[in-house]
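For reference, the structure is listed below as structure tokens.
Protein chains: 2
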Amino acid sequence: MSAAANAEGARRTRLTPEREGELYTAVRDLLREVGYDALTMDAVAARSRSSKATLYRQWQSKPRLVAAALRHQRPPLNRFDTGSLRGDLHELARRMGEAKKDVAVMQAVAPAAHKNKDLAEALHEALIQPELEVLQSMLDRAVARGEAEAGAPAHEFFPHMVTGALMARPLIERCEADATYLKRYLDAVVLPVLVRN
Amino acid sequence: MSAAANAEGARRTRLTPEREGELYTAVRDLLREVGYDALTMDAVAARSRSSKATLYRQWQSKPRLVAAALRHQRPPLNRFDTGSLRGDLHELARRMGEAKKDVAVMQAVAPAAHKNKDLAEALHEALIQPELEVLQSMLDRAVARGEAEAGAPAHEFFPHMVTGALMARPLIERCEADATYLKRYLDAVVLPVLVRN
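Taken in order, these protein sequences are the chains called X and F.
Residue 59 in UniProt numbering is what sits at position 59 of the first sequence, and the numbering runs on without skipping anything.
Residue 29 in UniProt numbering is what sits at position 29 of the second sequence, and the numbering runs on without skipping anything.
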């Protein structure tokens, strides 16, 4: 855990995890109802029976509060190590396929993230960066074990392949990217281009 | 061109292409301003100085009108044939990288498409299906030339790889999927898994 994350943890000690969860639920409900632009800290305070002072003390800004609320319902992949790249990819498929996908709340935030740089940064830090780190450590271990070749051209696109697999299926096949589909995709596309030939 | 597309063309002969373009622009402007749910055929008629009767005669329904308006600004990839899979992929990267990406209007429609089956179907038919056909014909030619092996496991994911590459970069790198990035991705990931080893 970074020094910044520790400091953040210390600032939050006054809220119980239950209370924090209730607050995040209120934020996500409001996002679905009114969208990001119309969501106010006043409305969050009223809905969650807290004070604006508490909200600002804990999260500093609306973008950071919203990013934390989205992260809370989709906790970052914890690191895991099955001992092989194939095993790690299958475990990744299982975890990502089973993760709850709240499309409505992400769609409520997306237009604002496109216009608002602070929000885009907070979302990237809360949702994307932790998953990039998990994928990078998976690839590093595969290289250390000699399964994958260091610096192979496809490696920089590992996160793009995984993220793309999740996003493309609803558009193309009009159904969710479940664990079975992800495992087939990772076996057919991702494993072959990552491993040493 | 299919029989359905011919019939559609015949129904539209009363509008000049310029007039049709103005109508589509009005639809897209309204989508950005009020979103899909609040967009009414009355508002489109007023904004485009046409009548609701004209709109319904030409497009039958709001989902079909909206799908046509989105398709108009992003015409489907025309088929092309450079004579090799590598050449076709590079041409694909160039065309997709240079295509105008109106993120705001797509984001205005996405939440409604998630809830509204008629809209989802109209969008799939207008925007996704034509591109799937272009990709399939590209792959069929590669198989016919012996560059790719018929039935290889990665083939069914060709559209997912291409769509995913477009969608993943803004999330991960926070910049658009331009032609240079797409060419690198297609060379590093897509070409190797499609071709015969």
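The beta-carbon is built from N, C-alpha and C at its ideal position, and this holds for glycine as well.
All values reported here derive from a predicted model rather than from experimental measurement.
| Check | Outcome |
| --- | --- |
| Coil, strand or helix - residue 99 of chain X by DSSP | coil |
| Whole-angstrom distance between residue 81 of chain F and residue 72 of chain X, CA atom to CA atom | 48 angstroms |
| Segment contact, 8 angstroms Cβ cut-off, at least three pairs: the region 181 to 189 of chain F with the region 145 to 156 of chain F | no |
| CA-to-CA distance, residue 14 of chain X to residue 124 of chain F, given in whole angstroms | 49 angstroms |
| Interface flag, residue 151 of chain X vs chain F, CB-CB below 8 angstroms | no |
| Local Cβ density within 10 Å of residue 177 of chain F, reported as buried at 16 or more and exposed below that | buried |
| Between the CA atoms of residue 67 of chain X and residue 19 of chain X - distance to the nearest angstrom | 17 angstroms |
| Residue 171 of chain X versus residue 27 of chain X: straight-line alpha-carbon distance, rounded | 27 angstroms |
| Environment of residue 225 of chain X [buried if 16+ CB atoms lie within 10 Å] | Nothing about residue 225 of chain X can be read from this structure; chain X reaches only from 1 to 197. |
| Interface residues of the region 140 to 174 of chain F facing chain X [CB-CB below 7 angstroms] | 153, 154, 157, 159, 160, 161, 163, 164, 165, 167, 168, 169, 171, 172 and 174 |
| Host alpha helix (DSSP H) of residue 60 of chain F (start-end) | Taken as a continuous stretch (DSSP letters only), residue 60 of chain F belongs to no alpha helix (DSSP H), as it is neither H nor E. |
| Counterpart residues of residue 195 of chain X in DSSP-defined beta bridges | X:148 |
| Beta carbon proximity, residue 185 of chain X to chain F, threshold 8 angstroms | yes |
| Collapsed DSSP secondary structure at residue 140 of chain F in the structure displayed | helix |
| Euclidean distance between Cα positions of residue 205 of chain X and residue 33 of chain X | There is simply no residue 205 of chain X to check, as chain X begins at 1 and stops at 197 in what is shown. |
| Boundaries of the alpha helix (DSSP H) in which residue 162 of chain F is found, first to last residue | 158 to 173 |
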